[in-house]
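Novice: Residue numbers for the sequence shown, in this note's numbering: 757 to 1019.
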Amino acid sequence: MSNRPAPTTAICTADATSITIRGESLVDDLIGKLSFTEMILFQMLGKKPTRTQTVLLDAVLVTLMEHGFTPSAIVTRLIYDSAPEALQSAVAAGLLGVGSTFIGTMEGCAVLIDEMLAAPEGVQARAAAIATRFRAERRPLHGFGHPYHKPDDPRPARLFELAAREGVPGRHITALKTLSLEVDRVYGRHITINATGAIAAVLGEIGIPQVVMRGIAVISRSAGLVGHILEERERPTARHIWETVEHGIAYVPSPSDGQSTAG
């Protein structure tokens, strides 16, 4: 037998008459006393959140909930049209799009912020090195750029304003702004901080670990996708999307089609 200690959990336990979450009674201490945003922080971090944590996480959840007909919303509508009996399948399909290109990029930006904050040579020197490295390698710089919002994404300024009003320490936000200045200098043009870049910094300020930041996007976007499903029932778009793709993408045979591959 293994000598390893038995695994345990500190999140939740239940018996015939009670449910206990992080040492608190769900019925007596939490229902009607914590908001959903407060409950997210309490369940995740194991202690009652501060006002600042709650206000800023709430702002992040609102920011990420909706951005129109993004790939996640399109997929959700198409899958719901295919399987209307399984709403959860449509939402799950849309959430698969929360990744390193759309919605989930705060995770990669947070890695860069943490790198700058831990750098022995200082934030500015490491920011310059990061910008130089990413340009030389032609890699996407998570947290920067947007296909529609130019020259600047309007969401970061509002999030930074709220963070300043709430009196956060500002180390993560300052590091991101320093990186932005170095990115503009190294790339020779202005590249906006996008919403997920700002969110990476704001979540860092309130103690959300980088490894679960993408989960915050999952929580927020799932609510938005439920809204898309309700609208899909009332104002259907899925069949139009399907027909648009079917008629808009021509079939062009490959030159090798029909040729034998036998020796």
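C-beta atoms are modelled at their ideal positions from N, C-alpha and C, and glycine is treated no differently.
Quick one: what does DSSP say F900 is sitting in, helix, strand or coil?
Specialist: Locating residue 900 in the sequence shown gives position 144, counting from the first residue. DSSP places F900 in strand when its eight states are reduced to three.
Novice: Just verifying my parser: in three-state terms, what is the DSSP assignment at I1005?
Specialist: Working through the sequence shown from its first residue, we reach residue 1005 at position 249. I1005 falls in the coil class under three-state DSSP.
Novice: Starting from the C-beta of I985, find all residues in its chain whose C-beta is less than 8 Å away, skip the five residues before and the five after it, and write them out in chain order.
Specialist: For the purposes of this step, residue 985 is identified with residue 229 of the sequence shown, where counting begins at 1. So the qualifying residues of the chain are T832, R833, Y836, L843, A846, V847.
Novice: With a 10 Å radius around its C-beta and 16 neighbouring C-beta atoms as the bar for buried, classify L813 as buried or exposed.
Specialist: If you number the sequence shown from 1, residue 813 lands on position 57. Classification of L813: buried, given that the 10 Å Cβ count is 16 or more.
Novice: If you measure between the beta carbons of V879 and A931, is that distance less than 8 Å?
Specialist: As a first step, residue 879 must be located in the sequence shown, where it is residue number 123. As a first step, residue 931 must be located in the sequence shown, where it is residue number 175. Yes, these two residues count as a Cβ contact at 8 Å.
Novice: Quick check for students: name the residue ranges of the alpha helix (DSSP H) that lie wholly in the region 819-863, counting only runs of 4 or more.
Specialist: For the region 819-863, whole alpha helix (DSSP H) runs of length 4 or above, ordered along the chain, are 827-838, 843-851.
Novice: Could you have a look at S791 and say whether DSSP puts it in helix, strand or coil?
Specialist: The residue labelled residue 791 in the question sits at position 35 within the sequence shown. If DSSP states are grouped into helix, strand and coil, S791 belongs with coil.
Novice: Return the Cβ separation of M969 and L959 in integer angstroms, given the expectation that the two are a contact with Cβ distance under 8 Å.
Specialist: Position 213 of the sequence shown, counted from the start, is the residue given in the question as residue 969. Position 203 of the sequence shown, counted from the start, is the residue given in the question as residue 959. Yes, they are in contact, since the Cβ atoms of M969 and L959 sit about 5 Å apart, within 8 Å.
Novice: Check the C-beta distance from A874 over to G850 and give it rounded, since I have them as a contact under 8 Å.
Specialist: Here residue 874 refers to the residue found at position 118 when the sequence shown is read from its first residue. Here residue 850 refers to the residue found at position 94 when the sequence shown is read from its first residue. That pair is no contact at about 35 Å.
Novice: Just reading off the beta strand (DSSP E) that I777 is part of, what are its end residues?
Specialist: Within the sequence shown, the letter at position 21 stands for residue 777. That run of the beta strand (DSSP E) goes 775-777.
Novice: Which residues does DSSP list as the beta-bridge partners of I869?
Specialist: As a first step, residue 869 must be located in the sequence shown, where it is residue number 113. DSSP output for I869 lists no bridge partner at all.
Novice: I'd like the span of the beta strand (DSSP E) that includes A770, first residue to last.
Specialist: Here residue 770 refers to the residue found at position 14 when the sequence shown is read from its first residue. Where A770 is concerned, the enclosing beta strand (DSSP E) stretches over 768-770.
Novice: Mind checking C865: buried by the 16 CB within 10 Å criterion, or exposed?
Specialist: As a working note, residue 865 is residue 109 in the sequence shown. It is buried - the Cβ of C865 has at least 16 other Cβ atoms within 10 Å.
Novice: Return the CA-CA distance between A1020 and E988, expressed in angstroms with no decimal places.
Specialist: In the structure as shown, the chain starts at 757 and stops at 1019, and residue 1020 therefore has no counterpart that could be examined.
Novice: Which same chain residues, not among the five before or five after I777, have their C-beta less than 6 Å away from its C-beta?
Specialist: Within the sequence shown, residue 777 is the residue found at index 21, counting from 1. Closer than 6 Å at Cβ, skipping near neighbours: C768.
Novice: Once you ignore the five residues that flank L786 on each side, which residues in its own chain have a CB closer than 6 Å to its CB?
Specialist: Reading the sequence shown from its first residue, position 30 is the one you call residue 786. Result list for L786: E780, in chain order.
Novice: Hey, could you find the ends of the alpha helix (DSSP H) D940 is sitting in?
Specialist: One-based indexing of the sequence shown puts residue 940 at position 184. 927-943 is the span of the alpha helix (DSSP H), which, as asked, contains D940.
Novice: Are Q966 and D870 close, meaning C-beta to C-beta below 8 Å?
Specialist: Stepping through the sequence shown from its first residue, residue 966 is reached at position 210. Stepping through the sequence shown from its first residue, residue 870 is reached at position 114. Yes, these two residues count as a Cβ contact at 8 Å.
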